[in-house]
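Counted the way this note's numbering counts, the sequence shown spans residues 36 to 719. Think of the CB as a built atom: it goes at the ideal place given N, C-alpha and C, for glycine as much as any other residue.
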Amino acid sequence: MELPIDHFRLLGVSPTTDAQTVLRTLEQRLNRPPDHGFTPETLQARESLLRLSADLLTDSARREAYESELTALATSGTPLQAGLEIPTSRELGGLLLLLEADQPLECFNLARRGLQPPQAPTLGSGRETDLSLLAGLACLAGGEELQRHRRYEAAAHTLREGLQLLQRMGQHPHLRQQISDELRRLRPFRVLDLLSRSLAAADERAEGVTLLEELVRERGGLEGRDDPTLTPEEFQAFFKQIRAYLTVQEQVDLFSRWADNSPAADFLASTALTASGFAQRKPDRIAAAMQRLEATGQEGVQPLLACLHLLLGQVEAAQHAFRQGASPELQEWAEQQSSDPLAQLCAYCTDWLARDVLPGYRDLEADPDLEAYFADRDVQAYINRLAPPPLPSSGPEASPFPETWTLDRDDPGGVPPFTSQVWSSTEELTGAGSGGGSEAESGAESENELLDDDEPWIGGWWPRRWRLPEFPELPWPPPLVPRQWRITAAATAILLAGGAWLLLRPQPQATPIPVEPSPDAEAPQPPASGSPDAAAGTPAPGGTSPSAAQATVPLTTAAPTEADLQGLLETWLAAKAAVLAGQPGPLPLEQLARPVQIDRLQQERRQDEAQQQTQRVEAKVEGLTIEARSSGRIAVLATISYRDQRLDAEGKPTESSAALTLRNRYVFGRDGEAWRLASFGPVR
36 MELPIDHFRL LGVSPTTDAQ TVLRTLEQRL NRPPDHGFTP ETLQARESLL
86 RLSADLLTDS ARREAYESEL TALATSGTPL QAGLEIPTSR ELGGLLLLLE
136 ADQPLECFNL ARRGLQPPQA PTLGSGRETD LSLLAGLACL AGGEELQRHR
186 RYEAAAHTLR EGLQLLQRMG QHPHLRQQIS DELRRLRPFR VLDLLSRSLA
236 AADERAEGVT LLEELVRERG GLEGRDDPTL TPEEFQAFFK QIRAYLTVQE
286 QVDLFSRWAD NSPAADFLAS TALTASGFAQ RKPDRIAAAM QRLEATGQEG
336 VQPLLACLHL LLGQVEAAQH AFRQGASPEL QEWAEQQSSD PLAQLCAYCT
386 DWLARDVLPG YRDLEADPDL EAYFADRDVQ AYINRLAPPP LPSSGPEASP
436 FPETWTLDRD DPGGVPPFTS QVWSSTEELT GAGSGGGSEA ESGAESENEL
486 LDDDEPWIGG WWPRRWRLPE FPELPWPPPL VPRQWRITAA ATAILLAGGA
536 WLLLRPQPQA TPIPVEPSPD AEAPQPPASG SPDAAAGTPA PGGTSPSAAQ
586 ATVPLTTAAP TEADLQGLLE TWLAAKAAVL AGQPGPLPLE QLARPVQIDR
636 LQQERRQDEA QQQTQRVEAK VEGLTIEARS SGRIAVLATI SYRDQRLDAE
686 GKPTESSAAL TLRNRYVFGR DGEAWRLASF GPVR
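Set out below in structure tokens:
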């Protein structure tokens with residue numbers, strides 16, 4: 036056998052050691068043989084090899100020649116390693132010295148090879164016992180060496196090989212137990228090693244997730260303490276470190292599977308869903324997070340529910356939840372930000388997203404930008420068709436938009452500081468928002484915003500009253516009162532510019548503006564019986580003749596009838612036709628539709644202007660029925676006779692469309708007291 040070692044390292048001296056020191060070292064090594072139960076034959080072979088090395092190093096001529104050979108190897112330019120050729124009778128002694136020279140991996144590989152056929156020793160012999168003992172000791176030492184270099188998975192691989200070898204040999208049960216215990220202790224480090232690898236290493240990462248699940252299951256859940264290898268404090272530190280290596284989907288899947296038996300995991304799933312929904316503009320995930328959070332039935336989560344309601348555009352419910360659940364400290368902080376309730380809620384939601392929701396995911400980088408979130412078309416489409424949740428109908432707290440923001444300082448249900456984070460997968464929405472421009476063109480884009488009004492530690496919020504004794508020093512985020520930063524009402528309006536503020540904030544009631552009919556319009560007819568607010572539209576330029584009735588705008592009736600909504604729709608069609616014809620509208624568009632619809636109409640007009648064209652649109656509502664109704668949204672189905680024609684700069688037709696009968700769905704939203712068009716599209 037050839038040992039990968041030279042005489043200096045085998046004896047344990049340096050190349051500069053003199054002869055006297057070599058002899059003293061030899062004496063010490065002989066007087067201190069390893070006490071692991073090796074047979075006398077193996078210890079005798081060890082002693083013989085030590086003496087041979089000492090004899091060579093104390094003979095000046097032989098030592099000089101040997102050192103010359105080592106120097107030649109080192110300067111040969113080829114990566115060569117010095118070795119010692121030893122007879123078979125002394126192999127076990129050589130392997131033992133290799134282990135003592137801190138070369139356990141080399142010792143393990145040679146010992147394992149010696150136990151394989153055809154070199155395998157006789158069963159039950161002293162050679163078999165010593166070889167298996169050497170393999171077990173070298174396996175443990177090799178695992179420790181690999182761990183020092185942070186090669187945790189390689190260390191586990193070596194330990195598993197050693198355990199399988201000893202199990203096959205049926206020898207040294209105490210060593211097998213040590214190796215098993217070491218494998219168990221190494222598992223968190225293996226998880227860290229595997230999960231920290233590139234996302235392209237799918238197999239390794241999947242194995243890491245499996246190991247993590249085994250570890251948590253054996254502990255008895257995130258809150259468990261059945262694992263003797265990890266104290267609760269050690270587990271917290273470990274989980275805080277590895278969580279940053281998990282993707283948002285991995286966290287969703289993991290925490291959702293653990294949620295049935297772990298309140299902490301259930302809450303973490305809710306927070307991770309929120310992070311995914313906000314960053315990826317998937318409000319259905321935020322709705323799923325809210326449902327999960329509400330299903331816990333725990334007290335003290337109202338401020339978080341307020342944030343989720345806000346992200347879903349449910350301002351009334353958000354303000355109600357915040358008012359009901361905010362602690363006196365949080366209420367005081369909110370007052371410092373602004374006197375406007377919605378500004379306070381936006382400030383708190385932004386801070387919550389920045390500190391406790393969005394951080395902690397390997398594949399998720401997002402800013403807590405409410406403006407960008409609410410400006411997204413998918414978000415707007417979802418909010419436009421989402422029915423507001425029911426609110427208590429009695430008492431002063433039921434008022435969705437109070438004139439003054441009353442802070443109930445004596446509320447005993449104040450929320451103590453929180454701590455925690457998570458998520459689970461839900462169905463994603465498909466499609467985009469509705470289009471602008473003509474009714475026929477916009478109908479092909481999407482239906483999504485037209486549907487009826489009917490979703491390296493844990494991070495996030497976790498009520499302190501839920502905190503379990505297993506987590507005494509849990510490094511959760513700071514207390515519930517956020518960082519001290521101020522947002523005024525004006526700053527909030529800037530924050531939610533581009534339609535987001537108008538999407539959330541109720542508009543003050545305006546004085547009704549009667550629509551002035553054009554000179555060639557038909558005489559107004561009385562409104563429908565029993566409907567004082569019933570109205571019809573104004574004739575549009577180019578021949579649009581929606582109805583003979585006159586609409587009152589803005590429409591402020593709490594429960595508008597079909598005639599009211601038809602009048603509002605016809606007025607919008609008339610105003611839209613006027614804009615596309617390059618003429619001033621009968622009244623401000625802001626009284627009729629939300630900014631998204633107005634922006635699309637103005638964009639189409641700018642495109643026509645660039646081509647020096649106008650459009651003559653004729654649209655008439657032939658019939659309208661209410662499809663779905665809530666306190667803040669109404670969806671209607673309308674049958675419209677439609678025709679348009681493009682004109683050049685001289686007013687000559689360039690292209691025309693045949694007369695069409697369109698069946699569209701229109702969604703009206705209530706902003707404050709006024710109803711405005713929120714979206715439209717074809718009925719399929």
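D706 sits in a strand when the DSSP states are folded into three classes. Per DSSP, reduced to three states, the secondary structure at K275 is helical.
Taken through DSSP and simplified to helix, strand or coil, K655 comes out as strand. Straight-line measurement puts the Cα of G395 at about 44 Å from the Cα of R147. Per the DSSP secondary-structure output, D679 pairs in a beta bridge with V652.
Beta-bridge partners of R698 (DSSP): T674.
Pairing L169 with L131 gives a Cβ-Cβ distance under 9 Å.
In the DSSP secondary-structure assignment, F302 is not bridged to any residue. One thing to note: R86 has its Cβ within 9 Å of the Cβ of L61.
The Cβ atoms of L229 and G243 sit closer than 9 Å to each other. T60: member of the alpha helix (DSSP H) spanning A54 to N66, first to last residue. The beta carbon of D413 is closer than 6 Å to those of R316 in its chain, skipping five residues each way along the sequence. In this structure the region 598–615 touches the region 690–710; the number of beta carbon pairs closer than 8 Å is three or more. Considering only E180, E690 and D599, the residue with the shortest C-alpha distance to D137 is E180. By the C-beta criterion, the region 586–593 is judged not to be in contact with the region 655–664, since fewer than 3 inter-stretch pairs fall below 8 Å. Residue pairing from DSSP places F715 in a beta bridge opposite Y701. Listed in chain order, the non-local C-beta contacts of L198 below 8 Å within the same chain comprise C174, R211, I214, S215 and L218, local neighbours out to five positions each way being set aside. Assigned with DSSP and collapsed to three states, I669 falls in strand.
In this structure D165 is buried. Its beta-carbon is surrounded by 16 or more other beta-carbon atoms within 10 angstroms. In summary, T245 is exposed, with fewer than 16 beta-carbon neighbours lying within 10 Å of its beta-carbon over all protein chains present. When D683, R220 and H42 are compared, the shortest CA-CA separation from D94 is found for H42. Within the DSSP bridge table, the entry for P338 names no partner. At a cut-off of 4 residues, the continuous stretches assigned as alpha helix (DSSP H) that sit fully inside the region 129–213 are 139–149, 161–183 and 187–204.
By the Cβ neighbour-count rule, T587 is buried, with 16 or more other Cβ atoms within 10 Å of its own. Residue state for I633 is assigned as helix, using DSSP reduced to three classes.
R651 is not a Cβ neighbour of L421, given a cutoff of 9 Å. As computed with DSSP, T660 is found in a beta bridge with L672.
Taking the CA atoms as reference points, E400 sits about 45 Å from T674. Our two residues, F357 and A235, have alpha carbons roughly 43 Å apart in a direct line. Below 8 Å, too few C-beta pairs join the region 147–157 and the region 70–85 to call them touching: fewer than three.
As computed with DSSP, A628 is found in a beta bridge with L712. Every alpha helix (DSSP H) of 4 residues or more that sits fully in the region 58–117 is shown, in chain order, as 75–93 and 95–109.
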